[in-house]
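> Let me begin by handing over the structure; questions about it come next.
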DNA sequence: TACTGTGAAGCCTTTCACAGCC
DNA sequence: GGCTGTGAAAGGCTTCACAGTA
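Residue numbers (the working numbering), protein chains in the order written: chain A, 15 to 246; chain B, 15 to 246.
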């Protein structure tokens, strides 16, 4: 297994977790890791970790494991996180402000270069060092700064309109935090960051059903819920 | 198919999407919906929607569909979102503030009754009508307000400590937004709201691989990313 | 005809088992 | 011995096909 077509989506979702674990291990000064180290930390099957890593093209050394630095770089490269994608954020509400304040997107290959809204109360403001423009300025600014990704943090009611604005401005990929499906052309890449999916899984477990599982519950990644390291 | 054991996790993750669609349809004044209506909106297979809905115990009418109001209630009840769970939030950073400002958790069965942090700059403050207490006050307040759920929004480095504080305070379920796996007893329910999982899927698609898929890409719910409707 | 409901088939992901290597 | 790498088996979710119903 190596490079091309069709990486399982579950694998893609786990790769960021591996990066997080690996960076933690790196800070401990270690030079290499084994899949058992990773799987222990994340409560996954070691074989699965090996299969996942194999997609990135890295090869490990029997008896030793994987060279830590190379492994991190391999995953980051595989995800394209070693290159910088210019992004804009549309919808400067509570969540939008939170994402604008998050100063680590660089590690994930993303740089927010502009923010947009329609509310005069926030247009023109400077939030965590980002200037908020009126949405009407999107086409011009998107082109000027070569913006490829749109981060959509409007309320659901404004999401479709805002996403159309993004597409008209030439944006090809949308990270959608609004709780609605978008209706866009097939050439636009959309990924829904659905917060409530995880909450549904949690709520259901709390309501008594799905008690004691057969195996020690593996790292739960309810698709749609993602992690973010905010500062306290 | 009806009530008990082992609801597929993908089903659980889709249920919130159905609720969102249904509430939208409800605002249009309609009385009933069919699974084809829902599947069209979310780009899913109608059969899958029917299977998912059957877990909630609702039954539809051939030729008509499902009674809209009953269907919404059935899903909400199934998820326990028709009852109120008291939650606390630990980690009042950017994301924590965003969640505190989100005033619709009631629709999802959650009520944040207190917030905690260790940073003196924020302890004692009032954020979106929530008082921020020092983490040391957690045990007492958790007991006083009967807090069952913890929302963890600290940086990764503080997550394990904070989660232990929660457990010591008697909290049984944790909605974890920090990018780390927690190490807790098997009786604690943890759900990781991993933001980066969705970003990984998006990034990978942008990097050229995984082009034109065979079928019109279905609603993408990269496990771990969730949606939230902030206000602009 | 236009839906629901469901058993069976198909596909994808995970887990198992074991060969290879140092 | 301890770890990687991988083919094969198992399991779970999705899709198909069709019976049932008003």
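Idealized CB from N, CA, C, for every residue including glycine.
Please return the same chain residues whose Cβ sits closer than 8 Å to the Cβ of residue 36 of chain B, not counting the five positions on each side in sequence.
Same-chain partners within the cutoff: 47, 52, 82, 85, 86, 89.
> Residues of chain A with CB under 7 Å from residue 221 of chain B, in chain order?
Ordered by position in chain A, the residues that pass the 7 Å Cβ test against residue 221 of chain B are 94.
> Is residue 117 of chain A helix, strand or coil by DSSP?
Residue state, collapsed to three classes: coil.
> Starting from the N-terminal side, write out each stretch of the beta strand (DSSP E) that is 3 residues or longer and does not extend beyond the stretch 27-110 of chain B.
Counting whole runs of 3 or more residues, the stretch 27-110 of chain B contains the beta strand (DSSP E) stretches 99-104.
> Run through the DSSP bridge pairs and tell me what residue 163 of chain A is partnered with.
Residue 163 of chain A pairs with A:101, A:187.
> Using a Cβ-Cβ cut-off of less than 9 Å, give me the residues of the stretch 121-139 of chain A that come near chain B, in sequence order.
Those residues of the stretch 121-139 of chain A that come within reach of chain B (Cβ to Cβ, closer than 9 Å) are 122, 123, 124, 131, 132, 133, 136.
> When the distance is taken between beta carbons, is residue 29 of chain B closer than 8 Å to residue 214 of chain A?
The answer is yes: Cβ separation under 8 Å.
> Which residues in the same chain have their Cβ closer than 8 Å to the Cβ of residue 149 of chain B, if we skip the five residues on either side of it in sequence?
Excluding positions up to five away in sequence, the list reads 104, 130, 131, 132, 176, 179.
> Give the C-beta separation of residue 165 of chain B and residue 127 of chain B to the nearest angstrom, bearing in mind that I take them to be a contact with Cβ-Cβ under 8 Å.
Not really, about 11 Å apart at Cβ, beyond 8 Å.
> Can you pull the DSSP bridge partners for residue 218 of chain B?
Its beta-bridge partners do not exist; DSSP assigns none.
> Hey, could you find the ends of the beta strand (DSSP E) residue 205 of chain B is sitting in?
Residue 205 of chain B -> beta strand (DSSP E) spans 203-208.
> Could you please tell me which residues of the stretch 36-61 of chain B, in chain order, have their CB closer than 8 Å to any CB of chain A?
Those residues of the stretch 36-61 of chain B that come within reach of chain A (Cβ to Cβ, closer than 8 Å) are 38, 55, 56, 57.
> If we ignore side chains and look at the alpha-carbon of each, how far apart do residue 99 of chain B and residue 163 of chain B end up?
Approximately 7 Å between the Cα atoms of the pair.
> Less than 8 Å separating the beta-carbons of residue 101 of chain B and residue 118 of chain B?
No.
> Identify whether residue 133 of chain B lies in helix, strand or coil by the three-state DSSP scheme.
In this structure, residue 133 of chain B counts as coil in the three-state DSSP scheme.
> On a Cα-Cα basis, can you pick out the residue from B:67, B:189, B:156 that is closest to residue 110 of chain B?
The residue with the shortest Cα to Cα distance from residue 110 of chain B is B:189.
> Please check if any C-beta of chain A sits within less than 8 Å of the C-beta of residue 21 of chain B.
Interface residue, yes.
> By Cβ distance, which residues of its chain are closer than 7 Å to residue 210 of chain A, with the 5 residues on each side in sequence left out?
Contacts found: 193.
> Starting from residue 181 of chain B, trace the alpha helix (DSSP H) in both directions and tell me its first and last residue.
Looking at the DSSP string, the run of the alpha helix (DSSP H) that includes residue 181 of chain B is 170-182.
> So, at 7 Å on beta carbons, what are the nonlocal neighbours of residue 72 of chain A in its own chain, with the 5 sequence-adjacent residues on each side left out?
Around residue 72 of chain A: 80, 84, 85, 88.
> Under 8 Å by Cβ, that's how I've got residue 60 of chain B and residue 49 of chain B pegged, so tell me the actual separation to the nearest angstrom.
Yes, they are in contact, since the Cβ atoms of residue 60 of chain B and residue 49 of chain B sit about 4 Å apart, within 8 Å.
> How would you write the range of the alpha helix (DSSP H) that residue 145 of chain A sits in, first residue to last?
Counting along the chain, residue 145 of chain A falls outside any alpha helix (DSSP H), though it belongs to the beta strand (DSSP E) covering 144-148.
> Determine, using beta carbons only, whether residue 216 of chain A and residue 187 of chain B come nearer to each other than 8 Å.
In contact: residue 216 of chain A and residue 187 of chain B (Cβ atoms closer than 8 Å).
> Anyone know if the C-beta pair for residue 25 of chain B and residue 107 of chain B falls short of 8 Å?
No; because the gap between Cβ atoms is not below 8 Å, this pair is not in contact.
> List, in chain order, every chain B residue whose beta-carbon is nearer than 9 Å to that of residue 182 of chain A.
None at all; the shortest Cβ gap to chain B is about 19 Å.
> So the alpha helix (DSSP H) residue 22 of chain B belongs to, where does it begin and stop?
Here residue 22 of chain B belongs to no alpha helix (DSSP H), and DSSP marks it neither H nor E.
> Drop a sphere of 10 angstroms on the beta-carbon of residue 225 of chain A, count the other beta-carbons inside from all chains shown, and report buried for 16 or more, exposed for fewer.
A caution first: residue 225 of chain A carries a pLDDT of 42, below 50, which makes its placement in the model too unreliable to give a value.
> Under the rule that 16 or more other beta-carbon atoms within 10 Å means buried, what is residue 27 of chain B, buried or exposed?
Result: buried.
> What does a CB cutoff of less than 7 Å around residue 113 of chain B pick up in its chain, not counting 5 residues either side in sequence?
The answer, listed in chain order, is 103, 165, 167.
> Is the Cβ of residue 116 of chain A closer than 8 Å to any Cβ of chain B?
At least one chain B Cβ lies under 8 Å of residue 116 of chain A.
> Is there a C-beta anywhere in chain B that falls below 8 Å from the one on residue 76 of chain A?
No, because no Cβ of chain B sits closer than 8 Å to the Cβ of residue 76 of chain A.
> With a CB to CB cut of under 6 Å and the five nearest residues on each side skipped, what residues in its chain are close to residue 66 of chain B?
Excluding positions up to five away in sequence, the list reads 25, 28.
> Would you decide whether residue 78 of chain B is buried or exposed? Buried here means 16 or more other CB atoms lie within 10 Å of its CB.
Classification of residue 78 of chain B: exposed, given that the 10 Å Cβ count is below 16.
> Give the straight-line distance between the Cα atoms of residue 22 of chain B and residue 184 of chain B, rounded to the nearest whole angstrom.
Distance between the alpha carbons of residue 22 of chain B and residue 184 of chain B: 28 Å.
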